Amino acid sequence: MFALLIYTVLPKQTGTDQSGVQSDAKLASALASDLAPTGELAEIFSFISEATQIQRDEKERAIKGKIVQWKLPVYNVSERNGFVVIQTRSRRGLVGTFCYVRANEAVKKYALSLRENDLVTCKGEIAGTSMRNIEIRPAILQQ
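So the sequence shown is numbered by the UniProt record's numbering: it starts at 1 and just counts up by one.
Have a look at this one:
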């Protein structure tokens, strides 16, 4: 009974429903902000940053909901709850990301071809941060 209640309140997110297809098309035509993965953003979320947690929290609130389109180097690729998750490499001057792309056959095929340091263009909405990386969800990959 308890598990059923949790599922009702917090349904499992998957990346393969019809509304996802519509939102992907909407995202593709959305105008991206001029927020860059470099500069202040990279400095604040770097693992060697001197920024405090309250400063990172404030920056996260300021950028949450913005649409970005960033070309970044791949670090790792995994699959979670119907999404292909492309983790990009963070390095001095460049913030890392988790780019959540709805899984479909074409995305999975492309994801299987990716290698570490390949460049991908991830376009999507900033959903927050995790482990000093920017979470972009939902997202699409652009050529």
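Even glycine gets a Cβ: it sits at the ideal position worked out from N, Cα and C.
All of these numbers come straight from a predicted model, not from anything done at the bench.
Burial state of residue i, where buried means 16 or more other Cβ atoms lie within 10 Å
| i | result |
| --- | --- |
| E58 | exposed |
| R91 | exposed |
| G124 | buried |
| I54 | exposed |
| A103 | buried |
| T25 | Note that residue 25 corresponds to Ala in the displayed sequence, not to Thr. Flag for A25 reads exposed. |
| I134 | buried |
| T129 | buried |
| T88 | buried |
Distance CB(residue i)-CB(residue j) smaller than 8 Å
| i | j | result |
| --- | --- | --- |
| residue 164 | V68 | The question about residue 164 has no answer here: the residues shown for the chain are numbered 1 through 143. |
| K64 | S33 | no |
| V84 | K109 | no |
| P138 | L31 | no |
Residue i: first and last residue of the uninterrupted beta strand (DSSP E) it sits in
| i | result |
| --- | --- |
| A32 | Run containing A32: none; DSSP gives neither H nor E here. |
| R132 | First-last for R132: undefined, no H or E at that position. |
Do the segment 93-102 and the segment 38-49 make contact, defined as three or more Cβ pairs closer than 8 Å? Touching, yes, given that three or more Cβ pairs across the two stretches are closer than 8 Å.
Start-end ranges of the beta strand (DSSP E) lying completely within the segment 104-128, minimum 3 residues: Qualifying beta strand (DSSP E) stretches: none in this window.
Counting only runs of 3+ residues fully inside the segment 35-103, write out the beta strand (DSSP E) ranges in chain order. For the segment 35-103, whole beta strand (DSSP E) runs of length 3 or above, ordered along the chain, are 67-80, 83-88 and 97-102.
Would you call the segment 111-126 and the segment 64-77 touching, i.e. three or more CB-CB distances under 8 Å? Because the criterion of three Cβ pairs below 8 Å is met, the segment 111-126 and the segment 64-77 touch.
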